[in-house]
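Take a look at the structure below.
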């Protein structure tokens, strides 16, 4: 994600300097080679010293600490955001810990793929995709507008929500969906895989995502994910019951409902 | 499917005449306009009268009757196949009903999409996709080889299986997968759909398929689909339990298993 944002910022001439901060020298060199950043450093305090905007793109479990660290070293007028897939816990924790100094507003660009690293960065990753911004009553209007303009400038469709509304929605559309895809892949016996055609491939595609990252995301949004999973299980049980009874009319009704919802979203 | 086969046959110069048989004059005219067939008729007995090969592309519930009807009117040396998504019931029934005359061998090209009709026909639909051929002990070797050469000539990767092995494999990779996708789409509340990004779109894509066709497929393979659904539910329950306990180690293990299976198939 960081790489794609860096590429887009340069391609759209929105930033002269894009500083990549990371721990591994090899990854930073790779990022420079791929042109996703204009310079790199392993020292966060140096990377953020002259920043206008800081985007924390670490796994969700590290976001709060990295934001706090950045806040200690960046100019007071800088704005800090993140790209984490969960928001409530992160935003709540940061409201508690960042009492003064630079402002933080949570963001979640709903894009990305199971392929990570600078080599897979794409300048158009966010174009036409939703990016959620999650201000709170304590966020200044000027800061909300500034972060919304930033994502919009990268081509994203910006949606403003509360952190909890965000977490409830993505619990179903992303997190429970991930579990379903992974559980389906895991349940498919090796002997059946030669008949795994495009339907199975689409339905399980996200199961290829990085398990380390997903464990963090799922645990960070656990109560909401369990609720969404319950809703899915209830839905599947009605399909199963209709099939078990051989009830063609009911099964048709259920498949129709699924199709209508799916059709409403588009490809 | 019929349209795509017709296009491919002409593009690859494998047939001079491709006769489209159907009930609705408007659909047949559309097929001629799209160039998927060279001629059309609403009368099956005329359409098959001089055929070398007959491919029944109706919904699964109609296949047995259409094959029997074709067998009564086609030359005795013609070969009949189908493209149905289930095989055991169809093959068993036809072995019983077709005691002499033209041979039938079941086929299942594992391709297609949620978009149907001649306007969506694609000459390369089968290229590099698996097509299953399901002979039985009563099928003559020469006929098996003939039908396998036919599908291979259209670019398909041909796999030979028993009808039951086929039905067991697709029960998981296609039929239970369809129910899971449809149940997930149906379970997603309207208010969450604005955050349905590419992950949800991929996972639920097949839920857009024609409910009428899917009811028939699911009912035709009901015992196997229910078994596969049970395996999926068991798999999902282990994921859920690990998440509910907050057991990061176990959750990682499970997600890893899903990823390994998914990675083994490719995109």
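Chains as they are written, first to last, in the numbering used here: chain A, 0 to 266; chain B, 0 to 266. Where a beta carbon is used, it is the ideal one built from N, C-alpha and C, also for glycine.
Against residue 230 of chain A, what residues of chain B qualify as contacts under a CB-to-CB distance less than 7 Å, listed in chain order?
Close to residue 230 of chain A, with beta-carbon spacing below 7 Å, are these residues of chain B in chain order: 186.
What does the alpha-carbon distance come out to for the pair residue 287 of chain B and residue 78 of chain B?
Residue 287 of chain B lies beyond the residue range present for chain B, which begins at 0 and ends at 266; the question has no answer from this structure.
Bounding residues of the alpha helix (DSSP H) (the contiguous stretch that carries residue 216 of chain A):
Counted as a single uninterrupted DSSP element, the alpha helix (DSSP H) harbouring residue 216 of chain A occupies residues 210-219.
Are residue 81 of chain B and residue 66 of chain B closer than 9 Å when you measure CB to CB?
By the CB criterion at 9 Å, residue 81 of chain B and residue 66 of chain B fall inside the cutoff.
Counting beta carbon pairs with one atom in the region 95-105 of chain B and one in the region 246-255 of chain A, are three or more of them shorter than 8 Å?
Counting C-beta pairs closer than 8 Å gives fewer than three between the region 246-255 of chain A and the region 95-105 of chain B, which falls short of the contact rule.
So residue 190 of chain A contacts chain B; which residues on that side make the cut at Cβ distance below 8 Å?
For the C-beta of residue 190 of chain A, the chain B residues within less than 8 Å are, from N- to C-terminus, 168.
Roughly how far, in whole angstroms, is the beta-carbon of residue 171 of chain B from the beta-carbon of residue 69 of chain A, given that I think they are within contact range, below 8 Å?
Not really, about 47 Å apart at Cβ, beyond 8 Å.
Quick one: is the Cβ of residue 109 of chain B within less than 8 Å of any heavy atom of the ligand COA?
Ligands displayed in this structure: none; no statement on the ligand COA is therefore possible.
Which residues in the same chain as residue 242 of chain A place their Cβ atom closer than 8 Å to its Cβ, once the five residues preceding and following it in sequence are excluded?
Correct list, in chain order: 250.
How would you list, in chain order, the residues of chain B whose beta-carbon sits under 7 Å from the beta-carbon of residue 263 of chain A?
In chain order: 192.
Quick one: give me the first and last residue of the beta strand (DSSP E) that residue 80 of chain B is part of.
Looking at the DSSP string, the run of the beta strand (DSSP E) that includes residue 80 of chain B is 78-81.
With respect to the alpha helix (DSSP H) encompassing residue 127 of chain B, which residues constitute its N-terminal and C-terminal limits?
No alpha helix (DSSP H) contains residue 127 of chain B, which DSSP labels as neither H nor E.
Output yes if chain A places a C-beta closer than 9 Å to the C-beta of residue 213 of chain B; else output no.
Cβ-Cβ to chain A under 9 Å: yes for residue 213 of chain B.
Note down, in chain order, all residues in the region 124-145 of chain A with a beta-carbon under 9 Å from any beta-carbon belonging to chain B.
Within the region 124-145 of chain A, contact with chain B at the beta-carbon level (separation under 9 Å) is assigned to 128, 129, 131.
Mind checking whether residue 15 of chain A and residue 261 of chain B have CB atoms under 9 Å apart?
Using a Cβ distance threshold of 9 Å, residue 15 of chain A and residue 261 of chain B do not count as a contacting pair.
What does the alpha-carbon distance come out to for the pair residue 175 of chain B and residue 20 of chain A?
Distance between the alpha carbons of residue 175 of chain B and residue 20 of chain A: 45 Å.
So for residue 36 of chain B, helix, strand or coil by DSSP?
Residue 36 of chain B: coil per DSSP, three-state reduction.
Quick one: Cα of residue 210 of chain B to Cα of residue 254 of chain A, how far?
About 5 Å.
So, is the C-beta of residue 255 of chain A closer than 9 Å to a C-beta in chain B?
Chain B, which has a Cβ nearer than 9 Å to the Cβ of residue 255 of chain A, makes this yes.
Rounded C-alpha distance that separates residue 305 of chain B from residue 266 of chain A
With chain B covering 0 to 266 only, the question about residue 305 of chain B has no answer from this structure.
Residues of the region 57-68 of chain B whose Cβ lies closer than 7 Å to any Cβ of chain A, in chain order:
Answer set for the region 57-68 of chain B: empty.
Can you find the residues in the same chain that come closer than 6 Å, C-beta to C-beta, to residue 124 of chain B, ignoring five residues on each side of it along the sequence?
Listed in chain order, the non-local C-beta contacts of residue 124 of chain B below 6 Å within the same chain comprise 3, 110, local neighbours out to five positions each way being set aside.
Mind listing, in chain order, the continuous beta strand (DSSP E) runs of no fewer than 3 residues lying wholly within the region 128-178 of chain B?
As far as the region 128-178 of chain B is concerned, its whole beta strand (DSSP E) runs of at least 3 residues are 129-133, 156-159.
Considering only C-alpha positions, which residue in the set B:230, B:39, B:86, B:93 is nearest to residue 64 of chain B?
Ranking B:230, B:39, B:86, B:93 by Cα distance to residue 64 of chain B puts B:93 first.
Nearest residue (CA-CA) to residue 108 of chain A, options B:119, B:198, B:142:
Of the listed residues, the one whose Cα sits closest to residue 108 of chain A is B:198.
Counting Cβ pairs, one atom from each stretch, are 3 or more of them under 8 Å apart for the region 177-196 of chain B and the region 159-169 of chain B?
Segment contact: the region 177-196 of chain B against the region 159-169 of chain B, fewer than three CB-CB distances shorter than 8 Å; contact not assigned.
Please state whether DSSP places residue 1 of chain B in a helix, a strand or coil.
Correct three-state label for residue 1 of chain B: helix.
For residue 21 of chain A, does the three-state DSSP call read helix, strand or coil?
In the structure shown, residue 21 of chain A falls within a coil segment according to DSSP collapsed to helix, strand and coil.
Which ranges would you report for the beta strand (DSSP E) in the region 44-115 of chain A if only whole runs of at least 3 residues count?
Taking only runs of at least 3 residues, the beta strand (DSSP E) segments lying wholly in the region 44-115 of chain A are 52-55, 78-81, 102-108.
The alpha helix (DSSP H) with residue 257 of chain A in it runs from where to where?
It spans 247-264 - the alpha helix (DSSP H) in which residue 257 of chain A sits, taken as one unbroken run.
Return the Cβ separation of residue 131 of chain A and residue 165 of chain A in integer angstroms, given the expectation that the two are a contact with Cβ distance under 8 Å.
That belief holds up - the Cβ atoms of residue 131 of chain A and residue 165 of chain A are roughly 5 Å apart, short of 8 Å.
Note down the Cα distance separating residue 121 of chain B from residue 7 of chain B, rounded to an integer number of angstroms.
Rounded to whole angstroms, residue 121 of chain B to residue 7 of chain B spans 8 Å at the Cα level.
DSSP three-state assignment for residue 195 of chain B, whether helix, strand or coil
For residue 195 of chain B, the secondary structure class from DSSP, reduced to helix, strand or coil, is coil.
My guess is that residue 173 of chain A and residue 196 of chain B are in contact by the Cβ rule of under 8 Å, so how many angstroms apart are they, rounded?
About 7 Å separates the CB atoms of residue 173 of chain A and residue 196 of chain B; that is less than 8 Å, so the two are in contact.
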